[in-house]
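2 protein chains.
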Amino acid sequence: MPQYRPPLRDMQFVLHELIRVTDAFKEMPAHAETDVETVNAVLEEAGKFAAEVVFPLNQAGDRAGCTLDPVTHEVRTPPGYREAYRQYVDGGWASLSCDTAHGGQGLPQTVNQCLYEMLNSASQAWTMYPGLSHGAYECLHAHGTPEQKATYLPRLTSGEWTGTMCLTESHCGTDLGLLRTKAEPLPDGSWRLTGNKIFISAGEHDMAANIVHLVLARLPDAPAGSRGISLFVVPKFRVRADGSLGERNAIHCGGLEHKMGIHGNATAQMVLDGAVGTLVGEPHKGLQAMFVMMNAARLGVGMQSLGLTEVAYQNAVAYARERQQMRSLTGPKAPELPADPILVHPDVRKMLLTARAYAEGGRALCVHTALLLDQELHHPDEDVRRAAADEVALLTPIVKAFLTDNGWIATSHCMQVFGGHGYIAEWGMEQYVRDARINMIYEGTNTIQSLDLLGRKVLGDNGRKLKAFGRRITEFAEDAGVREDMQEFINPLADLGDKVSKLTLELGMKGMGSADEVGAAAVDYLRVVGHLVFAYLWARMAMVALDRQAEGDAFYTAKLHTARFYFAKLLPETAGLIRSARAGASPLMAMDATLF
Amino acid sequence: MPQYRPPLRDMQFVLHELIRVTDAFKEMPAHAETDVETVNAVLEEAGKFAAEVVFPLNQAGDRAGCTLDPVTHEVRTPPGYREAYRQYVDGGWASLSCDTAHGGQGLPQTVNQCLYEMLNSASQAWTMYPGLSHGAYECLHAHGTPEQKATYLPRLTSGEWTGTMCLTESHCGTDLGLLRTKAEPLPDGSWRLTGNKIFISAGEHDMAANIVHLVLARLPDAPAGSRGISLFVVPKFRVRADGSLGERNAIHCGGLEHKMGIHGNATAQMVLDGAVGTLVGEPHKGLQAMFVMMNAARLGVGMQSLGLTEVAYQNAVAYARERQQMRSLTGPKAPELPADPILVHPDVRKMLLTARAYAEGGRALCVHTALLLDQELHHPDEDVRRAAADEVALLTPIVKAFLTDNGWIATSHCMQVFGGHGYIAEWGMEQYVRDARINMIYEGTNTIQSLDLLGRKVLGDNGRKLKAFGRRITEFAEDAGVREDMQEFINPLADLGDKVSKLTLELGMKGMGSADEVGAAAVDYLRVVGHLVFAYLWARMAMVALDRQAEGDAFYTAKLHTARFYFAKLLPETAGLIRSARAGASPLMAMDATLF
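Quick mapping for you: the protein sequence lines, in order, are chains A and B.
Reading the first sequence from the start, the letters are residues 1 to 596 in full-length UniProt numbering.
Reading the second sequence from the start, the letters are residues 1 to 596 in full-length UniProt numbering.
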């Protein structure tokens, strides 16, 4: 019943008119040849694949879920998942942004990011299978031994094998320092792993010939806590020297979770019963190595919610055009019909525009961040690489938490547009809400993201990264501030920038008194900074739209209206958030634990 | 896995210390005998019933759902539902606040309200069966003919039969003026009804011998729109003159919806294929008659979210005490454990206190409103009755929309406290979120509630009802404002009161220019007024707690902390809402419909 049309026009706007990514690609030898035509052609094909192959599986996949054979421990994915994955591999989509040294196509992350947005709109549950593989690819690419790279990267690149990240245990998710899975040395230099992992997304399935598990465990001599964790690669089937599949490894799926959403993805309990693996990176330094994967995954989670926001918006608009209910408050707008389409009602528009502004703002932020990733990896100038890395570090918790909170709000609004029908499964809207909910939890809860932002990324380096981003805003505001037609955007942007500076200073001072002051304000703070980033991007988008409006393309008129909506109706949230952030820790911490 | 303990102490606080309901009862001859001991004894038993009989059915009911036999059109409810309902009827719970003239116990609505809060905490899906019956009882009690009353009220009172409200059709929910179900006269004065209804909660089930459907339909000569709708009572089994069950009526369940939540309640498509019914009230005035039921139902929906907020809070606190993860930001609090209980973390506390403040504030508001209902019905002084009716009219959309929005926020926060486990069905938390979501939609979406509040209840009578409520606040603020220890509560309360007055005036002026200005601001406005009501009740609760704190009961200390939390961390939301409300309709309405 739902529909999905890849938002190619808006992607092109963000890529080529707002961020001008191909100008930036030209500075990087690895991507200098990637021109506008190439990017557009790839995304057009990617959109077809997402809309025509993956999207039709989403609702049925939610209903069918995954099933575990208790005897063989094999998992069956929903009907069509396997076949779609075969097409994905055959189409070369898995290898899009992978290293050419391992068979990849070497396209920029920026392009891959747009592919993933569309795949996530089509089906988050399905997309998690290739998504986690790509994370495993990146981790081994960064930290694997030459042998591990030779064995695993070509197959992860092609998509012939998939990957997972096995971190969580039942007693620890956020606090991985508590984990208990053991690794004991074997004479040949490999390791024997024993333990139980839970919540392993894509942990077992029938879509690929082998599954490459990246597993955190402790060596026998490991110090306690998070400094005693090592990373291992543990394949489902052991790999012979010639690269062919050998015997079944002693890692199996012991159960599947029944979840609120993402039913099509197998959330597996994984039992390691003396499974053989090899060490990735140095002993006891597994958490640092895994963070390469985690950071990529955090950006990926933000994109998941971007995808859900976009598809929910599209469906809610279509419904609001068709559904006729009541007359406009200012008199009939479609007198020939028994009632007006509900798109005439102000609050229906408010719910729709909220989703639209969050989708388009989120898309701009994701492309902006993806380009920084490309620069971090491939720019010839070390200063540019370092600055890009710093900005990625600053933006990662914002992409993860701000976009996923927004996705929760937006999908819920889009469901609300459907009235009672939104609550009924067949319309597909409630699935978007259920799927969106996990994104606020996994890969570090949004509270953890907020502590990462305020505690580590901002206060942890005396505001250096934030100031660098602030300079971006100041420069833009000075340039654009001379324009009369930009005042409505520049003024609130500059005002919020000032407020963020003051708030940061205040929280830094308070935090020196008690770290709980940081913890008490962090969630509000992240949302305020998220709005600052969005206000900056929306002001920039408005300027492009103002400049091109005269061409008569209605696209720019819509962009301007959405920008105005964002500043009028969404940005004001910061007024309450700043007050709450400034109210301090005492209202939270003063109450004795026994009184809860 | 979840747990539930009836919040008797807090109910007693609200009933006897805050609102002093039995003092108010003494002024009403019908309730003068209902003393503190009676109220407490009834609620203690009600709590046992809710916690011991209903609560254990909730999770299994969600999993099992309802099943329709396609041949007999009979519906099977989840295991145990039927037996629990039998105990409910046998225990006399159905008749608690019903008229003694029809076999009821005649207890105040105020007491019934507390029963329902606990039943909803125990299981919203189950509680909807008796809840809708009670609505049908109230509608027939107010509008039924003497024969209808004699036939139906004793059985609805006892709970032997249940009731429904059949309003929605697939093409109309909000806009009932579009409905098509037809009623044609029969020679004996009864009517033959033909049509299709959808979303009929408790529409078919196996819990009672008969189901009394209240059905909206059109007479052959009905004018178009909402002025041409009549109300009928259509029993599942026709009732003979002697009161015994006669032949099966031609109304049956044609299908059950697959929904996001409340799986245990049968959401039925009802087919009327020449079903025989009798007219309730006057022809073409069915919508007014049904509004008696709708208003009761709207208050009931607010209570549903109150119940969910309370039970979600209880479980999240229990988890936050047990779950050990990371150390407190200010150093270990439980050094003997491998990690601190997560209750030490500021944002965990913020999520918990949000749910707690919304639960306790919501409880105060529901009891306050229920007492007004009792006064409206039973106070000997006509002026008091009228003032109570006005205040109920003002508060009804707030109870419905503010409490259900809060319930959505609070259940989601409580789920978040569980981290990844919150997303897993077995823990029970995600069910509360899914169940809570319908409450923002049914019985008039929260947008409709906001238009009812701002358009009809506030601006529609020139702010008279709002001013009356404002006088309550002013009087309290003047009394309490002389106290030093109340300044922290009175100042923000008075400040918000001023802002609401100004905002109301501004919106009234703008609304005269264009009704879309009302529609654009209404949702923000309702939430601002909701906070004003909560701020008033929280300030009153704080004063009681301050007065009794010296007694050494930690209950009052907790109440004070929660009040301070509410003012510091939740009330500030109004700053952003007021800005958004004042931003006007243009950011919503300026964009052409084709551009969405």
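For every residue, glycine included, the Cβ atom is placed at its ideal position computed from N, Cα and C.
Contact check, residue i vs residue j, beta carbons under 9 angstroms
i        : j        : result
A/MET440 : A/MET429 : no
A/GLU74  : A/ASP206 : yes
A/PRO235 : A/TYR152 : yes
B/PHE13  : B/VAL399 : no
A/LEU373 : A/GLY302 : no
B/MET474 : B/VAL528 : The sequence given here has Thr at residue 474 of chain B, not Met. No, these two residues do not count as a Cβ contact at 9 angstroms.
B/GLY91  : B/SER97  : no
A/ALA355 : A/ALA401 : no
B/LEU115 : B/ALA84  : no
B/VAL311 : B/PRO2   : yes
A/ARG323 : A/PHE418 : yes
B/LEU219 : B/ALA266 : no
B/HIS561 : A/LEU595 : yes
A/GLN314 : A/ALA436 : no
A/TYR423 : B/GLY203 : no
When the options are compared against residue i, the one with the closest alpha-carbon
i        : options                                   : result
A/ARG180 : A/ALA202, A/GLN148, A/ASP221 and A/GLY203 : A/ASP221
A/PRO346 : B/ASP242, B/ASP62, B/GLY135 and B/SER514  : B/SER514
B/SER123 : B/ARG363, B/LEU308, B/THR404 and B/THR396 : B/LEU308
A/ASP35  : A/LEU193, A/PRO108, A/THR267 and A/LEU178 : A/PRO108
B/LEU353 : A/ALA224, A/GLY135, A/MET351 and A/PRO587 : A/PRO587
A/ALA388 : A/SER121, A/ALA370 and A/ALA554           : A/ALA370
A/THR164 : A/LYS197, A/ALA150 and A/LEU193           : A/LYS197
Host beta strand (DSSP E) of residue i (start-end)
i        : result
A/HIS561 : No beta strand (DSSP E) holds A/HIS561; the alpha helix (DSSP H) holding it covers 554-565.
B/ARG192 : 191-201
A/ILE211 : 210-217
B/ARG464 : Here B/ARG464 belongs to no beta strand (DSSP E); instead the alpha helix (DSSP H) covers 464-480.
B/LEU245 : 245-248
B/ALA183 : 182-185
Bridge partners - residue i, DSSP secondary structure assignment
i        : result
B/VAL317 : In the DSSP output, where bridge partners are listed per residue, B/VAL317 has none listed.
B/MET270 : B/LYS197 and B/CYS253
A/THR168 : A/THR168 pairs with nothing; no bridge assigned.
B/ARG548 : Beta-bridge pairing links B/ARG548 to no other residue.
A/VAL68  : Note that residue 68 of chain A is Leu in the sequence shown, not Val. Note: A/LEU68 sits in a beta bridge opposite A/VAL75.
A/ASN275 : The question names Asn, but residue 275 of chain A in the sequence shown is Ala. For A/ALA275, which the question treats as bridged, DSSP gives the partners A/LEU193.
Element boundaries [alpha helix (DSSP H), containing residue i]
i        : result
A/TRP427 : Careful: A/TRP427 lies outside any alpha helix (DSSP H) and carries neither H nor E.
B/LYS502 : 487-513
A/VAL233 : Where A/VAL233 is concerned, there is no enclosing alpha helix (DSSP H), although the beta strand (DSSP E) it sits in stretches over 230-235.
A/LYS48  : 36-48
A/GLU445 : Note that residue 445 of chain A is Thr in the sequence shown, not Glu. First-last for A/THR445: undefined, no H or E at that position.
A/ASN439 : Unbroken run through A/ASN439: none, as it is neither H nor E.
A/TRP126 : 124-143
Alpha-carbon to alpha-carbon, residue j and residue i
i                      : j        : result
B/VAL89                : B/SER158 : 6 angstroms
B/GLU37                : B/GLN113 : 17 angstroms
A/GLN487               : A/LEU496 : 14 angstroms
B/LEU132               : B/SER95  : 13 angstroms
B/LEU167               : B/THR504 : 33 angstroms
B/ALA550               : A/SER412 : 45 angstroms
B/TRP538               : B/THR404 : 18 angstroms
A/TYR4                 : A/PHE55  : 7 angstroms
A/GLU376               : A/HIS16  : 20 angstroms
residue 597 of chain A : B/ARG579 : Since the first residue shown for chain A is 1 and the last is 596, residue 597 of chain A is missing from the structure and cannot be characterised.
A/ARG82                : A/ARG471 : 48 angstroms
B/PRO335               : A/GLY189 : 37 angstroms
B/MET351               : B/PRO146 : 52 angstroms
A/ASN40                : A/VAL111 : 9 angstroms
B/GLU169               : B/ALA393 : 27 angstroms
Heavy atom of the ligand GTP within 8 angstroms of residue i beta-carbon
i        : result
B/TYR432 : Here there are no bound small molecules, and the ligand GTP is not part of this structure.
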